[in-house]
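So the sequences go chain by chain: A and B.
Under our numbering, think of the first position of the first sequence as 126, with each following residue one higher.
Under our numbering, think of the first position of the second sequence as 67, with each following residue one higher.
Following: one structure in structure tokens, then a few remarks.
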Amino acid sequence: MQAAVTATVTGSALGVGSELRNFQLRLGMWVFLGTVTMLFAAFSSAFMVRSAGTDWHAMPLPRILWWNTGLIMLSSVVLDYGRRCANQSRWGSAAAAVGGAGLLGLLFLLGQLDAWRQLAQAGISVPTGPFAASFYMMTGLHALHLMAALALLGWGAWRLWRGALDDEVAVRGVASLCATFWHFLGGLWLYLFAMMLLL
Amino acid sequence: MSDHPQSFWSKYIFSFDHKVIGIQYIVTGFVMAGIGALLSILIRLQIAWPGQPIEFLGKLFPEGMPGGYMMPEFYIALVTMHGTIMVFFFISYVLVSGFGNFLIPLQIGARDMAFPLLNMLSYWVGLVSALVMLGAFFVEGGAAASGWTAYPPLSALESAVPGSGMGQTLWLLSMALFIVSFTMGGLNYVATIFSMRAPGMSMMRMPLTVWSYFVAAILGLLAFPALTAGAVMLLFDRHLGTSFFLPAGLVVGGELVQAGGGSPLLWQHLFWFLGHPEVYVLLLPALGIAFDVLPAFTRKPVFGYRLSVYALIATGALGMIVWGHHMFVSGMSPFSGEYFSIATMLITIPMAIIGVNFLASLWGGRVIFKTPMLFALGVVAFFGTGGLGGLFLGNATADIQLHETYFVVGHFHFMIGGVTLMGTFTAIYFWFPKMFGRYMSEGLGRAHFWFTVAPFYTLFLGQHFLGLQGLTRRYYAWDSYQYVADALPTNVLLSVAAFVLVSGQVLFLGNFVWSIFRGRVAERNPWQATTLEWTTASPAPHGNFGEHIPVVHRWPYEYGIDAGGEDFADQSVAPDRAPVTA
Chain A
126 MQAAVTATVT GSALGVGSEL RNFQLRLGMW VFLGTVTMLF AAFSSAFMVR
176 SAGTDWHAMP LPRILWWNTG LIMLSSVVLD YGRRCANQSR WGSAAAAVGG
226 AGLLGLLFLL GQLDAWRQLA QAGISVPTGP FAASFYMMTG LHALHLMAAL
276 ALLGWGAWRL WRGALDDEVA VRGVASLCAT FWHFLGGLWL YLFAMMLLL
Chain B
67 MSDHPQSFWS KYIFSFDHKV IGIQYIVTGF VMAGIGALLS ILIRLQIAWP
117 GQPIEFLGKL FPEGMPGGYM MPEFYIALVT MHGTIMVFFF ISYVLVSGFG
167 NFLIPLQIGA RDMAFPLLNM LSYWVGLVSA LVMLGAFFVE GGAAASGWTA
217 YPPLSALESA VPGSGMGQTL WLLSMALFIV SFTMGGLNYV ATIFSMRAPG
267 MSMMRMPLTV WSYFVAAILG LLAFPALTAG AVMLLFDRHL GTSFFLPAGL
317 VVGGELVQAG GGSPLLWQHL FWFLGHPEVY VLLLPALGIA FDVLPAFTRK
367 PVFGYRLSVY ALIATGALGM IVWGHHMFVS GMSPFSGEYF SIATMLITIP
417 MAIIGVNFLA SLWGGRVIFK TPMLFALGVV AFFGTGGLGG LFLGNATADI
467 QLHETYFVVG HFHFMIGGVT LMGTFTAIYF WFPKMFGRYM SEGLGRAHFW
517 FTVAPFYTLF LGQHFLGLQG LTRRYYAWDS YQYVADALPT NVLLSVAAFV
567 LVSGQVLFLG NFVWSIFRGR VAERNPWQAT TLEWTTASPA PHGNFGEHIP
617 VVHRWPYEYG IDAGGEDFAD QSVAPDRAPV TA
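Structural data, given as structure tokens:
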């Protein structure tokens with residue numbers, strides 16, 4: 126069963142080469158990101174509609190969110206360095222960079238958790254008002270997506286670490302896939318953060 | 067295909083094979099249809115004979131029907147679950163997920179889906195979703211009772227009606243799982259169609275069935291996340307004390323609900339942003355299937371292939387921007403109403419093109435009335451009849467009068483119930499030989515057709531007239547309303563039609579099961595059809611096409627030609643063996 130799973134994931138069971146498999150994975154990722162975009166577009170619409178309500182009170186956002194924003198942007202830079210290392214077949218550096226980006230991502234998540242803790246200590250919880258509810262909901266769902274991306278990064282770092290032993294084209298594809306997902310989530314956070322600051 | 071499945075479990079249960087997954091979806095969908103149909107019988111019993119006790123049902127449902135009398139909240143729960151099950155767990159599973167999985171790789175000349183593991187997960191998440199939905203029947207308070215549209219505040223307040231409790235929570239969880247499952251499946255459809263077509267299979271050589279699945283998948287992927295967002299917010303409202311959808315000043319049972327200034331209309335927008343495209347997600351594959359089946363039984367090419375492709379795409383695109391026509395009575399501004407009316411009217415253009423292309427495809431053909439053809443003609447007929455009702459409801463002026471009446475019920479049963487049901491049976495009878503290597507019985511198939519079409523028309527065309535008469539939806543009894551007193555005898559007739567319709571499906575069930583084991587053995591290409599699935603063995607083997615993927619040389623409707631004693635050429639026939647017409 127495990128062999129069958131591996132064969133279907135790599136595409137060998139389908140008789141497709143690494144180049145085509147990379148294209149399929151990239152395409153699948155972009156389609157998936159399209160659905161995530163629509164999901165957060167719906168949340169954004171709700172946020173904007175509710176912001177017109179009489180019970181809407183924007184709250185000051187914890188300062189740590191700025192640090193978190195810096196962390197996720199830095200992680201994107203590190204990950205992209207890893208992707209470029211993979212293109213140059215520098216597998217050790219690539220694996221370290223992807224792993225490092227993952228660690229920065231983990232720090233981002235801990236920072237988000239701390240923002241929640243600060244708000245809770247200030248007496249702001251989910252039912253406090255529509256702004257607070259939206260904040261917890263959107264940051265929580267963003268974090269869930271980020272956790273999935275962290276799992277992908279972990280798998281990617283492992284594939285890169287044993288890159289020379291593997292199909293190089295396929296491994297480069299994995300690095301590119303990790304970068305696409307991660308950059309998207311970084312961009313999504315920038316959008317959400319800006320929206321919550323401005324409305 | 068090096069990993070040929072071996073064990074029973076990997077071959078039939080946790081299979082990666084798109085054909086097995088397709089059949090799993092189809093069987094699951096039919097089980098759900100059976101449950102949905104039983105619910106409809108209870109609904110029709112109540113509508114035809116309100117206030118009359120049915121004792122054995124009282125014993126079966128002691129809380130919903132104490133003493134055999136149906137409680138109003140039980141009635142609305144039945145309606146809710148009937149609609150939800152039929153739309154999301156029958157038609158979606160059988161027509162979209164079932165046949166989409168089975169047909170796409172076979173028709174484009176691929177060995178499987180692009181992501182077989184994801185495909186398997188899609189089915190199993192879908193199955194869990196269906197079980198969670200059914201589980202709602204067995205929790206305290208019973209199943210959800212806020213309609214298949216789950217409008218708040220009924221769906222947002224746990225204490226509103228018995229079904230607003232755990233039953234509604236399970237409904238929301240189930241829908242979220244359904245969307246996760248659909249996303250995995252839809253993603254596979256798009257990636258497979260883009261990247262795994264056989265050599266020579268350009269986009270403009272794809273069968274219209276594949277085109278319809280392609281458009282439907284994109285629609286679903288873009289539209290469904292809106293309901294996921296809505297479901298999350300509704301769960302927050304229900305369990306975490308927020309008020310996304312609960313308005314201020316709401317009084318329920320004489321008590322003021324402690325809520326902020328939420329908007330129930332926000333839910334309606336999010337729901338219908340999914341709900342209306344969902345109609346096309348279900349409808350388009352039925353149309354695509356009819357386009358593929360008609361030429362096999364008229365022995366002539368489809369008319370206007372390119373125009374039909376563009377019409378499918380245009381319908382999908384316009385389908386994304388017309389959701390507001392379900393909300394004309396919500397108090398929206400007349401300008402918005404005007405926009406949604408005009409946009410909806412615009413859809414009639416590509417839809418009319420498809421309808422005309424159907425008729426032109428039939429025109430002058432040598433029609434062979436086999437069972438798949440009968441049902442394909444059913445698709446054409448239902449599409450025309452149901453579409454006419456849509457002209458009224460898409461127009462704000464008429465819709466405001468007809469909204470919440472049985473006119474709407476009749477209309478949507480024709481479109482997402484009827485066209486899709488006809489499409490489903492067309493597909494079953496047509497591709498059954500490719501699935502199981504046997505034919506279904508023609509005699510039983512024809513009987514099934516007439517026992518489906520005649521009562522269906524009686525029931526749902528009749529509902530249009532009841533709607534015009536002013537009969538409103540969701541009322542569990544009208545016997546005390548004088549203005550519709552003369553509708554009661556009609557309702558008895560319609561209920562009898564409903565019972566005949568449901569009973570008629572026993573013919574299908576018997577035929578289906580019997581034919582799997584005892585049906586006449588089918589050859590490779592029993593209908594002398596032209597698309598790639600008919601170039602491989604029946605049933606199609608694992609990996610679909612043996613050692614070599616077929617090379618495509620022509621469009622998918624090469625009928626009515628002189629090809630060495632035959633009047634058709636499949637897509638893999640080289641140009642030197644038969645003339646290429648398109």
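Virtual Cβ for every residue (Gly too), placed ideally from N, Cα, C.
The model shown is predicted, which means the values in this text are computed figures rather than measured ones.
Strand pairing of residue i, partner residues [DSSP]
{"i": "B:F634", "result": "B:Y625"}
{"i": "B:T650", "result": "In the structure displayed, chain B extends from 67 to 648; residue 650 of chain B sits before or after that span and is not available."}
{"i": "B:R504", "result": "B:V587"}
{"i": "B:V317", "result": "B:L322"}
Contacts that residue i makes with chain B (C-beta to C-beta distance below 7 Å)
{"i": "A:L277", "result": "Those do not exist, as A:L277 stays about 14 Å from chain B at its closest Cβ, beyond 7 Å."}
{"i": "A:F157", "result": "L253"}
{"i": "A:L145", "result": "S261"}
{"i": "A:M184", "result": "Per Cβ cutoff of 7 Å: no residues; A:M184 is ~14 Å from chain B at best."}
{"i": "A:M163", "result": "L288, P291, A292"}
Amino acids of chain B, ordered along the chain, whose beta-carbon sits closer than 9 Å to that of residue i
{"i": "A:F256", "result": "Within chain B, no residue comes near A:F256; the closest Cβ sits about 11 Å away, beyond 9 Å."}
Close Cβ partners of residue i (< 6 Å) along its chain, the five nearest in sequence each way excluded
{"i": "B:P265", "result": "V617"}
{"i": "B:A640", "result": "H619"}
{"i": "B:D628", "result": "none"}
{"i": "B:P645", "result": "I627"}
{"i": "B:Y472", "result": "Q529, L532, G533, L537"}
{"i": "B:A442", "result": "A356, V359, L360, T492"}
Close beta carbons around residue i, own chain, < 8 Å, minus the five adjacent residues each side
{"i": "B:S68", "result": "Only weak support exists for where B:S68 lies, its pLDDT of 45 falling under 50; the value from the coordinates is given anyway. So the list is empty, once near-sequence residues are dropped."}
{"i": "B:S507", "result": "N577, W580, S581, G585"}
{"i": "B:L312", "result": "P218, P219, A222, L223, D303, V323, A325, G326, G328, P330"}
Delimiting residues of the alpha helix (DSSP H) encompassing residue i
{"i": "B:P645", "result": "Run containing B:P645: none; DSSP gives neither H nor E here."}
{"i": "B:N610", "result": "Run containing B:N610: none; DSSP gives neither H nor E here."}
{"i": "B:G397", "result": "Segment: none, B:G397 is in no alpha helix (DSSP H) and carries neither H nor E."}
{"i": "B:F248", "result": "232 to 261"}
{"i": "B:I142", "result": "138 to 150"}
{"i": "B:I107", "result": "84 to 114"}
{"i": "B:Y376", "result": "371 to 385"}
{"i": "B:E224", "result": "B:E224 -> no alpha helix (DSSP H), and no H or E assigned at all."}
{"i": "B:Y279", "result": "274 to 305"}
{"i": "B:G192", "result": "182 to 201"}
{"i": "A:H182", "result": "Per DSSP, A:H182 belongs to no alpha helix (DSSP H) and is neither H nor E."}
{"i": "A:I197", "result": "189 to 212"}
{"i": "B:T215", "result": "No alpha helix (DSSP H) contains B:T215, which DSSP labels as neither H nor E."}
Under 8 Å by beta carbon: chain A residues contacting residue i
{"i": "B:V388", "result": "The contacting residues do not exist; B:V388 stays about 17 Å from chain A at best."}
{"i": "B:S329", "result": "V174, R175, G178"}
{"i": "B:W302", "result": "Reading off the sequence shown, one finds Phe at residue 302 of chain B, where the question assumed Trp. By Cβ distance, chain A contributes V251, A258, M262."}
{"i": "B:A257", "result": "Q149, L152, G153, V156"}
{"i": "B:M393", "result": "Those within 8 Å of B:M393 in chain A number zero; the least Cβ separation is about 14 Å."}
Residues near residue i in its chain [Cβ-Cβ closer than 7 Å; skip 5 each side]
{"i": "B:L340", "result": "A289, F290, A292, L293"}
{"i": "B:A588", "result": "P499, G503, R504, Y505, S604"}
{"i": "B:A513", "result": "L573"}
{"i": "B:A606", "result": "K85, L172, K500, E599"}
{"i": "B:L223", "result": "S230, V318, V323"}
{"i": "B:L349", "result": "M481, I482, V485, T486"}
Chain-ordered chain A contacts of residue i [CB-CB under 9 Å]
{"i": "B:V86", "result": "Neighbours of B:V86 on chain A: none; closest Cβ ~13 Å, over 9 Å."}
{"i": "B:A356", "result": "By Cβ distance, chain A contributes nothing, its closest Cβ being about 27 Å from B:A356, past 9 Å."}
{"i": "B:F611", "result": "In chain order: nothing, as chain A lies at least about 10 Å away."}
{"i": "B:F522", "result": "What B:F522 touches in chain A: nothing, since even the nearest Cβ is about 35 Å away."}
{"i": "B:L336", "result": "A167, S170, A171"}
CB contact below 8 Å: residue i versus chain C
{"i": "A:A220", "result": "This model lacks chain C altogether; the protein chains it does include are A and B."}
Contacts of residue i in chain B (Cβ-Cβ under 8 Å)
{"i": "A:L313", "result": "Those within 8 Å of A:L313 in chain B number zero; the least Cβ separation is about 13 Å."}
{"i": "A:T194", "result": "By Cβ distance, chain B contributes nothing, its closest Cβ being about 23 Å from A:T194, past 8 Å."}
{"i": "A:T305", "result": "None at all; the shortest Cβ gap to chain B is about 14 Å."}
Cβ-heavy atom distance, residue i to the ligand NAD, below 7 Å
{"i": "A:A258", "result": "The ligand NAD is absent from the structure shown, which contains no ligand whatsoever."}
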